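> Residue numbers (our numbering): 1300 to 1375.
Don't be surprised by glycine CBs; every beta carbon is placed ideally from N, CA and C.
Quick caveat: nothing in here was measured; it's all calculated off a predicted structure.
For reference, the structure I am asking about is given below.
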């Protein structure tokens, strides 16, 4: 399973999402889009959004911390 989360340091929902993944032992890759323009462009291309968090679970893009949607995609 591949989980990627695009974040910024000031985003409270990013912190909640990362805590959720850690508590549930879901390995993830984090990209801080405030420091990495290439990853910021990638995030916008994937999601059509500039807001964070953007979570990519095996190619399924979720904008924001939508716990039911995250759990549904982690089970696949």
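In three-state terms, what does DSSP make of residue 1355?
By one-based count along the chain shown, residue 1355 stands at place 56. Note: residue 1355 maps to strand in three-state DSSP.
> Within this structure, are the beta carbons of residue 1351 and residue 1305 separated by less than 7 angstroms?
Here the question's residue 1351 lines up with position 52 in the chain shown. Here the question's residue 1305 lines up with position 6 in the chain shown. Contact: yes.
> Less than 8 angstroms between the CB atoms is what I'm expecting for residue 1357 and residue 1301, so what's the real figure, rounded?
Taking the first residue of the chain shown as position 1, residue 1357 is located at position 58. Taking the first residue of the chain shown as position 1, residue 1301 is located at position 2. With 8 angstroms as the limit, residue 1357 and residue 1301 qualify as a contact, their Cβ atoms being about 6 angstroms apart.
> Given residue 1349, which residues of its chain have a CB within under 7 angstroms of its CB, disregarding the five upstream and five downstream residues?
Counted from its first residue, the chain shown places residue 1349 at position 50. Within the same chain, residue 1349 has close Cβ partners 1343.
> Helix, strand or coil: how does DSSP classify residue 1307 here?
Mapped onto the chain shown, residue 1307 falls at position 8. Correct three-state label for residue 1307: coil.
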